[in-house]
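A.B. asks: Take this structure first; my questions come after.
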Amino acid sequence: MADTRSTQITSLRALSFGSYINRWHLSVLLITLVCALPVLTVFSFIFQPAGEVWQHLTETVLADYVSNSLMLMIGVSFGTLSMGISCAWLTSVYKFPGRKLFQWLLLLPMALPAYIIAYTYTGMMDFAGPIQSSLRDWFGWSYGDYWFPEIRSIWGATSMLSLVLYPYVYLLARASFLDQSIVALEASRSLGAGPWKSFFKVALPMARPAIITGLSLVLMETLADYGTVQYFGISTFTTGIFRTWFGLNDSAAAAQLSTLLLIFVFVLITLERLSRKQARYFSTSNRQKKQVRIKLSNKKAWLATFACFMPVLWGFFLPFLQLLQWAVETYDDMVDSEFFVLTWNSLALAGSAAILALLLALLLAYGQRLQNTRFIYLAVRVASMGYAIPATVIAVGIMLPLAWLDNTLDGWLRNQFDVSSGLLLSGTLFALMFAYMVRFLAVSVGTVEAALGKIKHSMDDAARSLGLKPKQVLLQIHMPLMRRSLLTAILLVFVDVLKELPATLILRPFNFNTLAVRAYELASDERLADASTAALSIVIAGIIPVILLSQSINKQKL
Amino acid sequence: MSKLLTLNNVSVAYGSNTIVQDIDFNLEEGQICCLLGPSGCGKTTLLRTIAGFETPTAGEISIRQHLVSTTENTVAPENRHIGMVFQDFALFPHLDLEANIRFGLDKKMSESAQHQRCNELLKLVGLSGSNQKFPHQLSGGQQQRIALARALAPRPDILLLDEPFSSLDVELRGQLAREVRGILKQQKITAILVTHDQNEAFAMADAVGLIHQGRLVQWDTPYNLYHQPATRFVANFIGQGVFIPGEYIGDQKINTELGVIKGRVPEQCKVGCKLDLLIRPDDIIHDDESPIKLEITERLFRGADFLYTLAISSEQHILCIASSHHNHSLHEKIGIKLDVDHLVMFPQISTEHTAAILP
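These protein sequences, in sequence, are chains A and B. Per this note's numbering, the first sequence runs over residues 165 to 722. Per this note's numbering, the second sequence runs over residues -13 to 345.
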């Protein structure tokens, strides 16, 4: 009897499903560790003694970095909040000509990376650009007769960033306004508060958590921006890290500077987390959301149309048309075999990064579904922390360990076999892909998690009881059910990688160019018109996620 | 008959939170049993442990004398050869009915054999010809039938049903419960049903296990559960009824406010000991001739009959079912007589003996 028992137990072990769980568990932990590596590396430099360069930095430019970054953050907050909230309020509460169209047109500026809108406006507002030329033609001025704002300044950078980042605030504020029960507003009106008072006393406070979430995303992007501030010559953390690394050749000081930047970022992450939590608390349980939009008088209605048109005009149409014009002018010179190589590089890179990110996201999200412990939950959050970390910091955090690995391996090989392995990992596509995963994994994880969350757990159990292993459940049940979301996840990461500039600039292999890098290089050489084909390609690709977003908005039937 | 399923002192806990404890029962081939209990009693966890989704923290489970769950090892659900029907049916929305039903069939089966098996099952559940339909095109009852067909298709050793009727309309529930029992009996399927609805349990099961606070308090036939409840909780949970206090006066007689009742008194009960007697509505017969007249304090018209609440004293009530023709008004006094076939009694535990279990 005892013998049969023990054989049964051994055969049990072979069939045990504990081993599956552990395999998923293990992959989740592995991905988390790898994704956390750059941040951990950067932080480990806190404990390094400050070097000479650091001394020099604190005495000279550090104050500038901090004050410029802070000023940018304050300015961009004002810009995005005023545009985002007013447009969200108008489109969700009032009736005016073009309201339905503006609902998604207002998202279009998201398609433009900040550095591209910066190049475009620089070209437009140059002395020889269309605006100043026309002014001179109309008024008969000549050079020196008039004052014209200098776009290459902190207010210029603030405007550029505000124009392309306000959609974050707009989106979240709008969702919150629409989510607010109309009853709350009606109650306020019935108690004698006018529309303006109702907005400030009821609607705005109720939407505050959502707006703060949007604002923290905006500020994360602002801190992460490299292209715009570099082009406008404004010293911020990101340009400082770049300069310290490549100009002063001090990786430790660059890492320490990164740490300082990360402290800003973590404050924002905390802010975002807290406000998301609060948003849940603020959301009304009253499901009565039949929107009755208020009709505006003719004059006011056209004013609303005008107010909504301005951000789209300045944030999308003007720069887009300018790029289009330049592209048409320079088409013959710029679209050559080199351009096709560039395009191919970009597409292949973005495509493979998107697919890899999806696979990792599936592993993470499904691993979490199989074993939803606090630990796994935390691990997945850590793995998808990168959306908040500036790409410049990620690049530094990747370069350091990879260079160390390369050097160690090379040194060992030289010692032992007298051969050199050279640089195996740093400066390769591997390093680049690594950075993209750390930075954009959150995008695909978020999408996959949301889709997976909609599939009831009884589906899994039903499939298991009918003889499927966990992996087969994922392949045969979940993936077909999530088809659309998986495609969305791929597209979103694809476009993000296509637009990405600083990490690509730092980590790309020698002579490997992408559309974004090419646009940056040409613009840096003041060949703004020539940069337009590459820039326009990025912008057109960037419209894809906007369309996806607007579709999901339409689906809500709002 | 052979033992199909054996649970041996099974306990399940999440951390320090014990969900079920020391569950011990056997199920014989072809038997339909029901795990009944209030929500949160642990019955679904027990079912999921039998299915292999949870690992016991103590005890063992065997199917056909093969160990499938111990504290160290659990055969994965997909390797247990069980069938399961879920509360929300869990039909795969991206697959048509044929693909849903064929989902669990052995992939080595030939295409035609699979198709034939699918048609067999569609016929069994009365949905022949719906092969190409999709789950969303079906009504709730039809989805329920397909869920059953899908679970039965691979000829599982044991079928587990988790609150299978609770998402259906009340009228549909009883009808489907009878239908499902018919199908299971015809196919000689061994099944365990989890429910909180005693009518469903009585309609479906050969044996009922009543679970309370994670423990199996009585394992019996539906008849015995109603007529011979093992504990006060069972007496309370099953059916309707009221405890009335009584005192043993010897010679198998008990003195109550309704008079002296004769019945088998537990042996440990000596003369003078206080008892609580369970009086079910069917123990009280309405009889206009009877000398015992009680006042109606509540009346509930239920169509075929009335459920009257009658006052014995200011705080002691009993329930009485009277035919629909006996329409009496509130506060009227009506005659009753006791027709106690067998007495159910428990030694008095507290002064709250008057706590009536009203419908």
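Here a beta-carbon is modelled for each residue, glycine too, at the ideal position from N, C-alpha and C.
Would you check if the distance between the CB atom of A:Thr556 and the CB atom of A:Phe406 is smaller than 9 Å?
C.D. replies: Cβ atoms of A:Thr556 and A:Phe406: closer than 9 Å.
A.B. asks: Flag A:Ile641 as yes if its beta-carbon sits less than 9 Å from any beta-carbon of chain B, otherwise no.
C.D. replies: Among the CB atoms of chain B, one or more fall inside 9 Å of the CB of A:Ile641.
A.B. asks: Assuming A:Thr507 and A:Leu679 are in contact, meaning their beta carbons sit under 8 Å apart, how far apart are those beta carbons, in whole angstroms?
C.D. replies: 6 Å
A.B. asks: In whole angstroms, what is the alpha-carbon distance linking B:Leu314 and B:Leu263?
C.D. replies: With the sequence shown as reference, residue 314 of chain B is identified as His, and Leu is not the correct amino acid for it. So the two alpha carbons sit approximately 27 Å from each other.
A.B. asks: Locate the alpha helix (DSSP H) running through B:Pro333, then write down its first and last residues.
C.D. replies: From DSSP, B:Pro333 is part of no alpha helix (DSSP H) but of the beta strand (DSSP E) over Met331 to Pro333.
A.B. asks: Across which residues does DSSP place B:Glu14 in a beta bridge pair?
C.D. replies: B:Lys(-11)
A.B. asks: Listed from N- to C-terminal order along the chain, which residues in the region 616 to 647 of chain A have their beta-carbon within a distance smaller than 7 Å of any beta-carbon of chain B?
C.D. replies: Lys620, Ser622, Met623, Asp625, Ala626, Arg628, Ser629, Leu630, Gly631, Leu632, Lys633, Ile641, Pro644 and Leu645
A.B. asks: For A:Ser354 and A:Leu245, I'd like the C-alpha separation in whole angstroms.
C.D. replies: 28 Å
A.B. asks: Would you verify that the beta carbon of B:Asp237 is, or is not, closer than 9 Å to some beta carbon of chain A?
C.D. replies: No Cβ of chain A is located within less than 9 Å of the beta carbon of B:Asp237.
A.B. asks: How far does the beta strand (DSSP E) with A:Phe109 in it extend, from its first residue to its last?
C.D. replies: A query on residue 109 of chain A cannot be resolved here, the shown segment of chain A reaching from 165 to 722 and no further.
A.B. asks: Please determine, among A:Leu485, A:Leu573, A:Gly404 and A:Lys463, the residue with the shortest C-alpha to C-alpha distance to A:Pro666.
C.D. replies: A:Gly404
A.B. asks: Considering Cα atoms alone, identify which of B:Met331, B:Lys323 and B:Ile224 is closest to B:Tyr212.
C.D. replies: B:Ile224
A.B. asks: Looking only at its own chain, which residues have a Cβ that is under 7 Å from the Cβ of A:Ile619, when we skip the five neighbours before and after it?
C.D. replies: His642 and Leu645
A.B. asks: Hey, A:Gly391 and A:Tyr684 are a contact pair by Cβ (cut 8 Å); roughly how many whole angstroms apart?
C.D. replies: 6 Å
A.B. asks: For the alpha helix (DSSP H) that B:Lys171 lies in, which residues bound it at each end?
C.D. replies: For B:Lys171, the enclosing alpha helix (DSSP H) covers residues Val156 to Gln172.
A.B. asks: Return the first residue and the last residue of the alpha helix (DSSP H) that A:Ala740 is part of.
C.D. replies: Outside the shown range of chain A (165 to 722) lies residue 740 of chain A, about which nothing can therefore be said.
A.B. asks: On the CB-based measure, 16 or more other CB atoms within 10 Å of its CB, does A:Arg451 come out buried or exposed?
C.D. replies: Because the pLDDT of A:Arg451 is 49, which lies under 50, any placement of that residue in the model is unreliable, and the question is left without a value.
A.B. asks: Which residues, in chain order, does the region 88 to 102 of chain B contribute to contact with chain A at a C-beta distance below 7 Å?
C.D. replies: Phe89 and Gly90
A.B. asks: Could you spell out where the beta strand (DSSP E) holding A:Thr283 opens and where it closes?
C.D. replies: A quick correction: the sequence has Tyr, not Thr, at residue 283 of chain A. Note, A:Tyr283: premise wrong, no beta strand (DSSP E); alpha helix (DSSP H) at Ala278 to Met289.
A.B. asks: Just how far apart, CA to CA, sit B:Ile411 and B:Glu46?
C.D. replies: Nothing can be reported for residue 411 of chain B: it is not among the residues displayed for chain B, which extend from -13 to 345.
A.B. asks: Counting along the chain, where does the beta strand (DSSP E) carrying A:Met324 start and finish?
C.D. replies: Looking at the DSSP string, A:Met324 is not in any beta strand (DSSP E); the run it does join, the alpha helix (DSSP H), is Ile318 to Asp343.
A.B. asks: How about A:Leu193 and A:Ala543: do their beta carbons lie closer than 9 Å?
C.D. replies: yes
A.B. asks: Closer than 7 Å between beta carbons: that is the criterion. Which residues of the region 171 to 185 of chain B meet it against chain A?
C.D. replies: none
A.B. asks: Between the Cα of A:Leu655 and the Cα atoms of A:Ser340, A:Ile707, A:Gly591 and A:Ser323, which residue gives the shortest distance?
C.D. replies: It is A:Ile707 whose Cα lies nearest to the Cα of A:Leu655.
A.B. asks: Note down, in chain order, every chain A residue with its Cβ under 8 Å from the Cβ of B:Ala189.
C.D. replies: The contacting residues do not exist; B:Ala189 stays about 24 Å from chain A at best.
A.B. asks: Which whole runs of the beta strand (DSSP E) in the region 270 to 328 of chain B are 3 residues long or more, in chain order?
C.D. replies: The qualifying runs are 270 to 272, 279 to 287, 291 to 297, 303 to 309 and 319 to 324.
A.B. asks: Going along the chain, which unbroken runs of the alpha helix (DSSP H) with 4 or more residues stay wholly within the region 75 to 158 of chain B?
C.D. replies: Taking 4 residues as the shortest admissible run, the region 75 to 158 of chain B contains the following complete alpha helix (DSSP H) segments, listed from N- to C-terminal end: 83 to 88, 97 to 110 and 126 to 138.
A.B. asks: Taking Cβ to Cβ, would you say B:Leu296 is nearer than 9 Å to B:Glu275?
C.D. replies: no
A.B. asks: Exposed or buried, B:Ile269, counting other C-beta atoms within 10 Å across all chains shown (16 or more means buried)?
C.D. replies: According to the sequence as given, residue 269 of chain B is Asp; it is not Ile. The residue in question, B:Asp269, is buried, as its Cβ has 16 or more Cβ neighbours within 10 Å.
A.B. asks: Can you find a CB in chain A that lies within less than 9 Å of the CB of B:Asp74?
C.D. replies: Closer than 9 Å: yes.
A.B. asks: Just to confirm the assignment: which complete beta strand (DSSP E) runs, minimum length 3, are found wholly within the region 163 to 235 of chain B?
C.D. replies: Listed in chain order, they are 177 to 181, 193 to 198, 201 to 206 and 227 to 234.
A.B. asks: Could one say the Cβ of B:Phe65 lies closer than 9 Å to chain A's Cβ atoms, at least one of them?
C.D. replies: The displayed chain sequence assigns Asn, not Phe, to residue 65 of chain B. Taking 9 Å as the threshold, the shortest C-beta distance from B:Asn65 to chain A falls below it.
A.B. asks: Can you tell me the Cα-Cα spacing of A:Ser439 and A:Ala252, whole angstroms?
C.D. replies: Within the model, the alpha-carbon separation for A:Ser439 versus A:Ala252 is close to 19 Å.
A.B. asks: List, in order along the chain, the chain A residues whose C-beta lies closer than 7 Å to that of B:His80?
C.D. replies: In chain order: Pro644 and Leu645.
A.B. asks: Among residues of its own chain, excluding the 5 on either side of B:Asn(-6), which ones have a beta-carbon nearer than 8 Å to its beta-carbon?
C.D. replies: Asp10, Gly45, Glu46, Ile47 and Ser48
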